[in-house]
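A.B. asks: So that we are looking at the same thing, I have put the structure below in structure tokens.
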Amino acid sequence: MHLKVEAAAQVLLGFAFCQTFGAHIPCREPSDAELESMLSRHLAPGVSLLAPMKDVLPDQDLKSCPVNVSQTSSRLQDRSASPWSYRVNEDPRRYPRRVLEAYCLCEGCLVDRQEDRSVQSEPFYQEVPVLQKSGRCEAGQYVYQPSRLQVAQFCICTFP
1 MHLKVEAAAQ
11 VLLGFAFCQT
21 FGAHIPCREP
31 SDAELESMLS
41 RHLAPGVSLL
51 APMKDVLPDQ
61 DLKSCPVNVS
71 QTSSRLQDRS
81 ASPWSYRVNE
91 DPRRYPRRVL
101 EAYCLCEGCL
111 VDRQEDRSVQ
121 SEPFYQEVPV
131 LQKSGRCEAG
141 QYVYQPSRLQ
151 VAQFCICTFP
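Per the UniProt record's numbering, the very first residue in the sequence shown carries number 1; after that it's consecutive.
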């Protein structure tokens, strides 16, 4: 009987050792739905960063300054004296992982059918809430912390 109790104790100790030191429980990524729910707590009611922006596509290749303002385009960024386009800011340790940000196409501003460099095209930035992966694992899931990201929204003409 004493041997059975001792054997059972050894098995239990071995199991506890494996649970504590040997068998590593892998940490999983939260689902996009879980992350979106966590992020929505940091947004004003009714606001979503993940809503698709109509007619906004990131560039495959960066564009350059156009010769003239497009007066017939339906897109504001093409009709502006400080035209801009969009590129993807991607970070696998952040949610959302892909954020569209504006970049200015010209150094100056388009005035009278030419680029005027006495004024400058500059991006307008806005802070947006994001979740940043902390590297910690709790209950088998990676922990994401609220953070803020400065994102260029559009470009404006400014005086130097």
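Positions of the beta carbon are idealized from the N, C-alpha and C atoms, including for glycine.
Jot down the residue ranges of each uninterrupted alpha helix (DSSP H) in the region 70 to 101, minimum 4 residues, whole runs only, in chain order.
C.D. replies: Runs found: 76 to 79.
A.B. asks: Going by alpha carbons, who is nearest to residue 168 out of 65, 35, 41, 25?
C.D. replies: Here the chain has residues from 1 to 160 only, and residue 168 is not among them.
A.B. asks: Tell me the DSSP secondary structure of residue 116 in three-state form.
C.D. replies: As a working note, residue 116 is residue 116 in the sequence shown. Residue 116 falls in the strand class under three-state DSSP.
A.B. asks: Buried or exposed: where does residue 237 fall if 16 or more other Cβ atoms within 10 Å of its Cβ makes it buried?
C.D. replies: This structure cannot speak to residue 237, because the chain is shown only from 1 to 160.
A.B. asks: May I ask you to report which of helix, strand or coil DSSP gives residue 31?
C.D. replies: As a working note, residue 31 is residue 31 in the sequence shown. Correct three-state label for residue 31: coil.
A.B. asks: Find out if the Cβ-Cβ distance for the pair residue 90, residue 97 is shorter than 8 Å.
C.D. replies: In the sequence shown, residue 90 corresponds to position 90, counting from 1. In the sequence shown, residue 97 corresponds to position 97, counting from 1. Result yes, Cβ atoms of residue 90 and residue 97 sit closer than 8 Å.
A.B. asks: Does the separation of the CB atoms of residue 144 and residue 38 fall below 8 Å?
C.D. replies: Locating residue 144 in the sequence shown gives position 144, where the first residue counts as 1. Locating residue 38 in the sequence shown gives position 38, where the first residue counts as 1. Yes.
A.B. asks: So, is residue 140 buried or exposed, given that buried needs 16 or more other C-beta atoms within 10 angstroms?
C.D. replies: Mapped onto the sequence shown, residue 140 falls at position 140. Exposed, by the Cβ-count rule.
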